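Below: one structure, written as structure tokens.
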Amino acid sequence: MEVDFEDLVTKQLDPNDSSQTRTQAEHAALLTSLDRATRSRQLAVPTNEVAIRVRLRELGEPMTLFGERPEDRRDRLRYVLSQIAEAKGWELEKDAGAGQDEGGVDGKDESDSEDEEEFYTEGSEALLVARRSIADFSLANARKRISRQKLEAKLPLSKIMATRKSVYAELKTYTNLGSQVGDERPISIVRFSPNSRLLATGSWTGTAKIWNVPSCTPYAESKESKNIFKGHSDRIGGLAWHPGATLSQSTSSANFITGGADAKVQVWSLDNEQPLRTLEGHGARVCRVAFHPAGRHVASSSFDTTWRLWDVETGDELLVQEGHSREVYSLEFQSDGALLCSGGLDAIGRVWDLRSGKTVMVLDGHVKDILAIDFSPNGHQIATGSNDDNIRIWDIRTLKAIYTIPAHTSAVSDVKFYRAPAIPGFKFPYTIDVEGKTKDEKQSAAAFLNGSDRIKLEEGEPVENEVEVPLSGLYLASCGYDGYVKLWSADDWQLIKAMSSEAGGRVMSVDVGSDGKFMASGEWTRTFKLWSAENISLTL
1 MEVDFEDLVT
11 KQLDPNDSSQ
21 TRTQAEHAAL
31 LTSLDRATRS
41 RQLAVPTNEV
51 AIRVRLRELG
61 EPMTLFGERP
71 EDRRDRLRYV
81 LSQIAEAKGW
91 ELEKDAGAGQ
101 DEGGVDGKDE
111 SDSEDEEEFY
121 TEGSEALLVA
131 RRSIADFSLA
141 NARKRISRQK
151 LEAKLPLSKI
161 MATRKSVYAE
171 LKTYTNLGSQ
181 VGDERPISIV
191 RFSPNSRLLA
201 TGSWTGTAKI
211 WNVPSCTPYA
221 ESKESKNIFK
231 GHSDRIGGLA
241 WHPGATLSQS
251 TSSANFITGG
261 ADAKVQVWSL
271 DNEQPLRTLE
281 GHGARVCRVA
291 FHPAGRHVAS
301 SSFDTTWRLW
311 DVETGDELLV
321 QEGHSREVYS
331 LEFQSDGALL
341 CSGGLDAIGR
351 VWDLRSGKTV
361 MVLDGHVKDI
371 LAIDFSPNGH
381 QIATGSNDDN
391 IRIWDIRTLK
401 AIYTIPAHTS
411 AVSDVKFYRA
421 PAIPGFKFPY
431 TIDVEGKTKD
441 EKQSAAAFLN
451 GSDRIKLEEG
461 EPVENEVEVP
471 LSGLYLASCG
481 YDGYVKLWSA
491 DDWQLIKAMS
501 SEAGGRVMSV
511 DVGSDGKFMA
521 SGEWTRTFKL
531 WSAENISLTL
């Protein structure tokens, strides 16, 4: 049977029909639900479990519910954010990166987004005094360093190559001299004293110890001393010597500092096993600490996403520096004292000008956490070690990475450039003998280590007669969780020597003595090791 269009009966909808109204409402609700689901998928929701919990807490929601799995917790956060966005009329950019942080929708307007840009806060009068002091110190050191480098640039290439070949040949014979049990838990940090006669170790027990080199026997300033500097209730992550310690610094003054997971920085002398003072202010674990080359200030990095500058003599906190989006793990001062480089678990490094407080360079290239940093003695290169197993070499002059070293097969835990003492007649290796010297001679040695100029030429004298080939910065030491300590040339960044810890454990820290005789490594196996050439003389 054929039906024409004209035969169809037109039926008018009755607005009073409840069944028809219900159908329309259900249809509208379905459309709204689909629209809400579509918009919810456009929300930027963090994937990191810690970030999800923090975001829920910020929104006034329980961080976790009974029996809730991580994926359920993320879905709950997405639902909460969608409810907030819907209440605000879905004033949301579809681009998840526009006007949003990692947590998602927060209703920020244009003025709020401007607050996320670089900003400055007013510092204290004490910070101003510190910045001026650092500027005076660094400018004088930079002037001397540049003058010295200009003279060194005139050295014959053959002389430079001969010196490098001699040093590298010595390094290729390095081997394990011995191992010493340092504590009951892993040795997290090792650092040589400025005169290379002592080695300080820090461990996960929260204890620091001092050892004689090369005997590896406990150091004791007095008969009552037990060589146990217990000042932390949790693991030690950072340790640094005062630049004048064991040289011109009195044993009763501040000689070294430690930073621990109890969020404290302790200042120690060598003749007292109780800390001289405690620097408190961080809100989370302190990872690394460093002494400024002038010896008056110290810096500390922390899991509270800041690094801080302290006056070691007064114990005052001078600066709380933000700038990293995640925990700050490593930091180091430039040898001139003008700059500080910090590295965080955000895989970003930042170079800060201590004289102005500004960021002068961003080290963006690693794909995982930056765990180690060291400035080259030449003043313009930086080495960074990362959880991505690589070491990157950065040049401040070009503001970019100049080389990437595929250094280890696991995380790079520490990097250290070799720093030779600026003493006339220094040969590699060499022992700094300060025993029996006068006070003036000791102060002179300390000044050399702080970068004083020692190169002077008579007018018309051939440059090669006075200027020696610089030994500082000739090579770089690194260690990793793959159980290896490695040495790299600092000109073409090639491997010189790879040394296995043989115990199969992680190597957590490495340092190079300034006398060129020994290297030390701290390990997961609760031991520290000394490394040196096979034919090294152990007599001091």
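One point on numbering: in UniProt numbering, the residue at position 466 of the sequence shown is 466, and numbering is uninterrupted. Just so you know, even glycine gets a beta-carbon here, dropped at the ideal spot from N, CA and C. For clarity, every value in this text was computed on a predicted model and none was experimentally measured.
Is K230 closer than 9 Å to A263 when the C-beta atoms are compared? Taking the first residue of the sequence shown as position 1, residue 263 is located at position 263. Taking the first residue of the sequence shown as position 1, residue 230 is located at position 230. No, the Cβ-Cβ distance between A263 and K230 is not below 9 Å.
Can you list, in chain order, the residues of its chain whose CB lies under 7 Å from that of G315, leaving out five sequence neighbours each side? Within the sequence shown, the letter at position 315 stands for residue 315. Same-chain partners within the cutoff: R277 and L279.
Please return the same chain residues whose Cβ sits closer than 6 Å to the Cβ of S300, not counting the five positions on each side in sequence. Counted from its first residue, the sequence shown places residue 300 at position 300. Closer than 6 Å at Cβ, skipping near neighbours: G259, V265, V286, V289 and R308.
Tell me whether the beta-carbon of W211 lies closer than 9 Å to the beta-carbon of S188. By one-based count along the sequence shown, residue 211 stands at place 211. By one-based count along the sequence shown, residue 188 stands at place 188. No; because the gap between Cβ atoms is not below 9 Å, this pair is not in contact.
The beta strand (DSSP E) that contains D511, what's its start and end? As a working note, residue 511 is residue 511 in the sequence shown. That run of the beta strand (DSSP E) goes V507 to V512.
Counting Cβ pairs closer than 8 Å, one from the region 360-368 and one from the region 469-484, do we hit at least three? no
Does the Cβ of P421 have 16 or more other Cβ atoms within 10 Å, making it buried, or fewer, making it exposed? On the sequence shown, position 421 is the one that residue 421 refers to. With 16 or more Cβ atoms within 10 Å of its Cβ, P421 is classed as buried.
W493 to A37 span [Cα, whole Å]: Within the sequence shown, residue 493 is the residue found at index 493, counting from 1. Within the sequence shown, residue 37 is the residue found at index 37, counting from 1. Rounded to the nearest angstrom, the two C-alpha atoms are 53 Å apart.
Secondary structure of E322, DSSP reduced to three states: Translated into the one-based positions of the sequence shown, residue 322 becomes position 322. In the structure shown, E322 sits in coil (DSSP, three-state: anything other than H, G, I, E or B).
In angstroms with no decimal places, state the Cα-to-Cα distance between D414 and Y219. By one-based count along the sequence shown, residue 414 stands at place 414. By one-based count along the sequence shown, residue 219 stands at place 219. D414 and Y219: Cα-Cα distance of roughly 25 Å.
CB-CB under 7 Å to L371, same chain, minus the five flanking residues each way: which ones, in chain order? Position 371 of the sequence shown, counted from the start, is the residue given in the question as residue 371. Result list for L371: Y329, S330, G385, S386, N387, A411, V412 and S413, in chain order.
Based on the DSSP output, what are the partners of R197 in its beta bridges? Locating residue 197 in the sequence shown gives position 197, counting from the first residue. Bridge partners of R197: none, in fact.
Quick one, which of N141, F518 and S376 has its alpha-carbon nearest W531's? Taking the first residue of the sequence shown as 1, we reach residue 531 at position 531. That would be F518, whose Cα lies nearest to the Cα of W531.
Expressed to the nearest angstrom, what Euclidean distance is found between the alpha-carbon atoms of Y403 and W394? Along the sequence shown, read from residue 1 onward, the residue named residue 403 stands at position 403. Along the sequence shown, read from residue 1 onward, the residue named residue 394 stands at position 394. C-alpha separation (whole angstroms): 7 Å.
Going by other Cβ atoms of all chains shown within 10 Å of its Cβ, with 16 needed for buried, is D136 buried or exposed? Numbered from its first residue, the sequence shown carries residue 136 at position 136. Label assigned to D136: exposed.
Rounded distance between the beta-carbons of G483 and S501, thought under 8 Å: The residue labelled residue 501 in the question sits at position 501 within the sequence shown. The residue labelled residue 483 in the question sits at position 483 within the sequence shown. Confirmed, Cβ separation roughly 5 Å.
From S521 to A153, what distance separates their C-alpha atoms? Taking the first residue of the sequence shown as 1, we reach residue 521 at position 521. Taking the first residue of the sequence shown as 1, we reach residue 153 at position 153. Going from the Cα of S521 to the Cα of A153 covers about 34 Å.
Top-ranked residue by Cα proximity to N390, from I405, N378 and A401: Residue 390 sits at position 390 when you count from the first residue of the sequence shown. Comparing Cα positions, the closest option is I405.
Decide yes or no for the touch test of the region 172-181 against the region 137-153: beta carbon pairs closer than 8 Å, at least 3 of them. no
What do you get for G513, buried or exposed, if any count of 16 or more other CB atoms within 10 angstroms of its CB means buried? The sequence position of residue 513 within the sequence shown is 513, counting from 1. Looking at its Cβ environment, which holds 16 or more other Cβ atoms inside 10 Å, G513 is buried.
Backbone CA spacing between R526 and G60 [nearest angstrom]: Looking up residue 526 in the sequence shown gives position 526. Looking up residue 60 in the sequence shown gives position 60. Going by the C-alpha atoms only, they are around 44 Å apart.
What does the Cβ neighbour count give for K529, buried or exposed, with the cut at 16 atoms within 10 Å? On the sequence shown, position 529 is the one that residue 529 refers to. K529 should be labelled buried.
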